[in-house]
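Those protein sequences? They're chains L and R, same order as listed.
FYI, in the working numbering the residues of the first sequence are 1 to 201.
FYI, in the working numbering the residues of the second sequence are 1001 to 1201.
2 protein chains.
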Amino acid sequence: MVEKAIRADARRNRARILETAEAVFAAHGPAASTEEIARKAGVAIGTVFRHFPTKAELVEAVFVDRLSQLAASARQLAESDDAGAAFFDFFTTWAELSALKQSFADALANDGVDIQAAAERGAYPAVRTELAAAVETLLTRAQAAGAVRSDIGMRELNALLISVARAVEQVRDDPDVQRRLLCTILDGLRAGTASARPAES
Amino acid sequence: MVEKAIRADARRNRARILETAEAVFAAHGPAASTEEIARKAGVAIGTVFRHFPTKAELVEAVFVDRLSQLAASARQLAESDDAGAAFFDFFTTWAELSALKQSFADALANDGVDIQAAAERGAYPAVRTELAAAVETLLTRAQAAGAVRSDIGMRELNALLISVARAVEQVRDDPDVQRRLLCTILDGLRAGTASARPAES
DNA sequence: GAAAAATATGAGTCCAGACTCATCTTGTCA
DNA sequence: TGACAAGATGAGTCTGGACTCATATTTTTC
């Protein structure tokens, strides 16, 4: 069962393509041409299609990669003692990780318009579910701890996360603006904001 | 100087195309094909190109239309006595108007990626400036009245507006979720949330 | 180190969608 | 109502970008 027949250069190329695709999608959105990715990765276009038979699969691979990172981060934070801090930390991590990934937010937003085919099968739905579960844990615990307003659920949070990713990216040139923006949104999420308003850092 | 040589049917067609384009872009994003718009508008594709020589110009026309509406709304609200309410009302109007316009939010977000050429000339920049000015008035007055936190400026607000448009649209199927989402964001914007927290409606 | 298998190459195919234009139709105006 | 210019038509052109495949290069294996 241990498939070990992958040639070393093939593995290297695959990683390189994935990496490049991530950067290119971030810069030009998922509409960026496969040819550009191939060129920047220093391989022929045929090589890209060998590893990712369709463009949708390439896009999917990039997202699965990102989502995995975020899910891992969420799971780790879920073990923290301070449920409130864990929640807000995740939100911040999310904003940071998303900041450079325009296409990421896009694809999440329409969830299956750009990557219809891919969204139905493969690793994508699994990772997405995984992430959702981890985030839900964070939210529930933070609400139980009285740190987050209790009138919102996963749908609200999801929509908010996606839009935060976009908003933050929009002002990526100015970290101060980013911070204030994030702070504003987080303040809205706090439970009965009258109580636990920490001093501005 | 009064150019009055526009044939009646031409004016009708133009309006029809604009209207249809708005709907189609809303449904499928700005990548929707010109041919589809022509078909749904009941005209030949050549007619679309007669009125809007390039696709970018068609997209621009649709946005200018929307932006004008919003600018008008903002200007009107700016004359209200209650600066705080005016600000929050505008936010709500914005969210509603944006709710059905995916491409609208997109185009605003990247402000000149999809419509590069168009953004540089024509009515677009003018209307955009107009809207920005009206919104700035609303913000400044609301802050002066102590209704909105004073640590944010137009950049933060802008990014927030765009993200709200997206977020709201994402959950357009559920008005309750929409309301809670908007409420969360507005709460974050209020000044020293400790003071003026109205009862949950 | 040579055969075999896996992988890389990139010119070429194919197609969708923007845009053109020769020709036909219709509103306008006297 | 006739004439003519503005407008409409849609088959056809052109282009960019996804995807293929015959051939050339590696790796791997023994």
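Using N, Cα and C, we set each Cβ at its ideal position, and we do this for glycine too.
By how many angstroms is the C-alpha of residue j removed from the C-alpha of residue i?
| i | j | result |
| --- | --- | --- |
| D176 of chain L | D1151 of chain R | 11 Å |
| A117 of chain L | G1146 of chain R | Low confidence applies to A117 of chain L: its pLDDT is 40, below 50, so where it sits in the model is not reliable, and the reading given next is rough at best. Rounded to the nearest angstrom, the two C-alpha atoms are 50 Å apart. |
| E200 of chain L | I162 of chain L | Low confidence applies here, because E200 of chain L scores a pLDDT of 37, under 50, leaving its location unreliable; read the following figure in that light. Answer to the nearest angstrom: the Cα atoms are 25 Å apart. |
| T20 of chain L | R1016 of chain R | 44 Å |
| T137 of chain L | E1156 of chain R | 30 Å |
| D187 of chain L | L58 of chain L | 37 Å |
| R1011 of chain R | A1038 of chain R | 15 Å |
| V1135 of chain R | R180 of chain L | 19 Å |
| A8 of chain L | V48 of chain L | 16 Å |
| R1172 of chain R | H1051 of chain R | 32 Å |
| S80 of chain L | D89 of chain L | 11 Å |
| Q178 of chain L | L189 of chain L | 17 Å |
| G1046 of chain R | E1035 of chain R | 9 Å |
| R1075 of chain R | D174 of chain L | 29 Å |
| T1093 of chain R | H1028 of chain R | 23 Å |
| P1053 of chain R | A1133 of chain R | 30 Å |
| A1144 of chain R | N1158 of chain R | 19 Å |
| N13 of chain L | I6 of chain L | 11 Å |
| S33 of chain L | R1066 of chain R | 31 Å |
Report the residue from the options whose alpha carbon sits nearest the alpha carbon of residue i.
| i | options | result |
| --- | --- | --- |
| A1026 of chain R | R:Q1170, R:R1141, R:A1072 | R:Q1170 |
| T129 of chain L | L:L70, L:V168, L:Q76, L:A10 | L:L70 |
| I1185 of chain R | R:A1167, R:R1172, R:G1029 | R:A1167 |
| S1073 of chain R | R:V1127, R:L1189, R:C1183 | R:V1127 |
| D22 of chain L | L:L97, L:D173, L:S80 | One detail in the question is off: residue 22 of chain L reads as Glu in this sequence, not Asp. Comparing Cα-Cα distances from E22 of chain L to each of L:L97, L:D173, L:S80, the minimum goes to L:L97. |
| F91 of chain L | L:A133, L:A44, L:A144, L:L160 | L:L160 |
| A31 of chain L | L:N13, L:K55, L:R14 | L:K55 |
| V43 of chain L | L:L182, L:L18, L:C183 | L:L18 |
| S1068 of chain R | R:P1125, R:N1013, R:R1014, R:G1029 | R:P1125 |
Determine whether the beta carbon atoms of residue i and residue j lie at a separation below 8 Å.
| i | j | result |
| --- | --- | --- |
| A1142 of chain R | A1083 of chain R | yes |
| V148 of chain L | A191 of chain L | yes |
| A1078 of chain R | A1086 of chain R | yes |
| L139 of chain L | M154 of chain L | yes |
| V24 of chain L | K40 of chain L | yes |
| L182 of chain L | A95 of chain L | yes |
Can you tell me whether residue i sits near the ligand FAD, meaning its C-beta is under 7 Å from at least one heavy atom of the ligand?
| i | result |
| --- | --- |
| E1035 of chain R | By its list of ligands, the structure shown contains no ligand whatsoever, and the ligand FAD lies outside what it can speak to. |
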